[in-house]
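Accompanying notes for the structure given below.
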Amino acid sequence: MGTHFIYTYDNGWEYEWYCKNDHTVDYRIHGGMVAGRWVKDQEAHINLLTDGVYKIAWTEPTGTDVALDFIPNEHKLNGTIFFPKWGQDHPEITVCYQNEHIDLMHESREKYVTYPKMVVPEFAKITYI
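Residue numbers for the sequence shown follow the UniProt record's numbering, beginning at 1 and rising by one.
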């Protein structure tokens, strides 16, 4: 808890991520399809799988699902992001400070097509802890 990470996926997408407590995270996206996106107070499931390995998962108001495995002692991360179809087709809608646009995220999730989801499984290097 209280840990701040910056990591870059093998595909070049860069994220900044902060574990606020045992059920809440903040993150900013600095590179990739939705660079510029910023989210605070995202409810998440945070679990210690084994010594030094953490699983964090959540569903965003956009309908995007995220599952991350952090291995901070090795500066590694494995993440899978499940983007709804509308997020692929209209990523610009999500590039904002989401907390001020929750209604727009919910409206877009209902208005646009969800499936097929775009699955992005990637490894990342943690560059800052």
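All C-beta atoms in this analysis are idealised placements derived from N, C-alpha and C, irrespective of residue type, glycine included.
This one's a predicted model, so the numbers in the text were calculated from it and none came from an experiment.
Item: For V95, which residues in the same chain have their Cβ closer than 6 angstroms to its Cβ, ignoring the five residues on either side in sequence?; Value: V34, G36, R37
Item: As an exercise, report each continuous beta strand (DSSP E) stretch of at least 3 residues that is fully enclosed by the region 15–58, in chain order.; Value: 24–31, 38–43, 45–50
Item: For G63, name the three-state secondary structure that DSSP assigns.; Value: coil
Item: Can you give me the C-alpha to C-alpha distance between T50 and F82, rounded to a whole angstrom?; Value: 25 angstroms
Item: According to DSSP, is G2 part of a helix, a strand, or is it coil?; Value: coil
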